[in-house]
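Residue numbers (this note's numbering): 484 to 551. Here is the structure we will look at, set down as structure tokens.
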Amino acid sequence: MNSYQPLLEKYNRQANSYDRRWNIPWGRSTMEAAMQSVPWDELGLALDVGCGTGLLEQAVFSRLGPDQ
Numbered sequence: 484m485n486s487y488q489p490l491l492e493k494y495n496r497q498a499n500s501y502d503r504r505w506n507i508p509w510g511r512s513t514m515e516a517a518m519q520s521v522p523w524d525e526l527g528l529a530l531d532v533g534c535g536t537g538l539l540e541q542a543v544f545s546r547l548g549p550d551q
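Shown next, in the form of structure tokens:
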């Protein structure tokens, strides 16, 4: 077992409920505000560095499409 295994196991357990914490009114409002604050027409590329479970990435992908 490598030294990261306990951490990976912990994150795997938390992933089951992580998105539910954001699927509440203030979480949706925060996501919407973040998406509205980006100047999408001026943006050439977007990079998601993998923080979280992918909800923001899905929102960006639906806005920009697969080529961005």
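All C-beta atoms, glycine included, are put in the ideal place defined by N, C-alpha and C.
Environment of VAL543 [buried if 16+ CB atoms lie within 10 Å]: The residue given as residue 543 occupies position 60 in the sequence shown. That one is buried.
Own chain residues within Cβ distance below 6 Å of MET518, not counting five before or after: If you number the sequence shown from 1, residue 518 lands on position 35. Here the set comprises ALA542.
Unbroken alpha helix (DSSP H) run spanning SER486, endpoints: As a working mapping, residue 486 is identified with position 3 in the sequence shown. It is not in any alpha helix (DSSP H) - SER486 carries neither H nor E in the DSSP assignment.
Proximity to GLY510 [Cα-Cα], best of ARG546, SER545, GLY548 and LEU538: On the sequence shown, position 27 is the one that residue 510 refers to. Nearest C-alpha to GLY510: LEU538.
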